[in-house]
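Just so we're aligned: 130 in this note's numbering is position 130 of the sequence shown, and the numbers increase by one with no gaps anywhere. Cβ atoms here follow ideal geometry from the backbone N, Cα and C, with glycine treated the same way.
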Amino acid sequence: MCLIAFQYRTFAAAPILLVANREEYYGRPAAPPRIQPGSPRVLCGLDHRAGGTWLGVNEYGLVVAVTNRLSSYPPGEPRSRGLLCRDLLNRANASDAVDVAQRELATGRYAGANFLCADPGNAFLIQHADSSDIVPLSPGLHLFSNTALDDRADARQCFARFELASHFPNSASAFCEVAGRIWRLPADAHGNGGVVLRGEDRGTVSSTILLLAANREESVYRYADGPPDTTGYADLSSLARELFASGRSGQTA
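Next comes the structure, spelled out in structure tokens:
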């Protein structure tokens with residue numbers, strides 16, 4: 001499971017704000033974010049086992065993220081959901097990415113997942129469990145994890161929403177600071193009262209803060225290569241600037 005907060009088109013200076021903690025098995029290593037070879041250029045981390053990703057942004061300003069979720073009838077030999085996330089990052093905009101995702105998910109090759117596909121003009125969450133549905137995302141705050149979008153029965157979603165509302169940031173940069181503090185709070189053994197999870201064989205393994213600015217070269221990318229309560233966020237914003245410098249034509253995506 002993972003926990004993602006997506007603040008959409010609330011601040012004119014930064015139409016996309018995102019903070020995400022990734023949960024995974026401790027024995028499944030991943031490479032930290034870097035600009036991947038090929039075209040379009042994509043900034044993302046990579047799972048060493050399957051070669052996919054959990055979160056990324058491309059030179060056109062398309063953001064794609066995936067969280068796992070349960071389904072009643074998972075395929076016997078599923079294709080990696082992270083590979084589909086990586087495939088979607090090759091598209092020019094959110095609408096194109098959703099079209100590709102729909103076709104792929106209809107093949108029945110994928111276990112349950114939520115896929116966020118967002119650009120400054122459009123944003124969607126694809127909820128794929130026993131059936132698939134596409135939810136257009138309105139401006140404002142949205143949270144999702146391994147259950148439904150804005151799930152009031154999800155303890156971590158409720159905790160994170162309450163904390164964000166209690167310290168509502170008045171700017172995009174303030175959102176990054178507030179969300180970064182909240183997303184490093186450890187939860188108890190039942191997953192309550194915090195965000196960072198620790199289990200015997202799996203838990204929170206990394207965290208990302210992304211500010212996609214209207215002026216793309218002012219974007220912010222921070223990454224903690226470990227649980228963020230014990231691992232500091234490294235500033236990878238220079239990689240984001242390099243990414244967008246190669247794709248200025250995507251500023252109207």
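Can you check whether the CB of C85 is closer than 8 Å to the CB of G52? yes
Residues in the same chain with beta-carbon distance under 6 Å from A253, minus the five sequence neighbours each way, listed in chain order, please. Only weak support is given to the placement of A253: the predicted model assigns it a pLDDT of 42, under 50, and the question is left unresolved by the model.
Mind the definition here: the stretch 40-55 touches the stretch 72-85 only if three or more C-beta pairs lie below 8 Å; say whether that holds. yes
Taking contact to mean at least 3 C-beta pairs separated by less than 8 Å, is the stretch 72-79 in contact with the stretch 96-114? yes
One question on the structure: do F175 and P169 come within less than 8 Å of each other, judged by their Cβ atoms? yes
Which residues bound the alpha helix (DSSP H) around S166? A155 to S166
Buried or exposed: D154, going by 16 or more other Cβ atoms within 10 Å of its Cβ? buried
DSSP beta-bridge partners for F11? A14
Return the chain-ordered ranges of every beta strand (DSSP E) run that is complete within the stretch 44-76 and spans a minimum of 3 residues. 55-58 and 63-68
Count the other CB atoms within 10 Å of the CB of L23; is the residue buried (16 or more) or exposed (fewer)? According to the sequence as given, residue 23 is Glu; it is not Leu. E23 comes out buried.
So, are the CB atoms of Y221 and A240 less than 8 Å apart? yes
Pick helix, strand or coil for R81, following the three-state DSSP scheme. helix
Per DSSP, what are the beta-bridge partners of Y233 in this structure? According to DSSP, which records beta bridges pairwise, Y233 is partnered with nothing at all.
Range of the contiguous alpha helix (DSSP H) that encloses A174: A172 to I182
C-alpha gap between R91 and A97, whole angstroms: 6 Å
Could you spell out the range, first to last residue, of the alpha helix (DSSP H) harbouring S95? A94 to L105
Three-state class that DSSP yields for A129 in the structure shown: coil
Compute the distance between the beta-carbons of Y233 and G191, then report whether it is under 8 Å. no
What number of angstroms, rounded off, separates the C-alpha of N122 from the C-alpha of P139? 10 Å
Is the Cβ of F244 closer than 8 Å to any Cβ of chain D? This model lacks chain D altogether, as it is built from one protein chain only.
Just to confirm the assignment, what range does the beta strand (DSSP E) spanning P32 have? A30 to Q36
If Y26 sits next to R156, beta carbons under 8 Å apart, how far is it from one beta carbon to the other, in whole angstroms? Rounded, the Cβ-Cβ distance is 19 Å, inconsistent with contact.
Under the three-state DSSP convention, the category L239 falls into: helix
Within 10 angstroms of the Cβ of G250, are there 16 or more other Cβ atoms? Answer buried if so, exposed if not. A caution first: G250 carries a pLDDT of 44, below 50, which makes its placement in the model too unreliable to give a value.
Sequence-distant residues of its chain with Cβ nearer than 8 Å to S166 (five each side left out): none
Rounded separation between S95 and P186 - CA only: 36 Å
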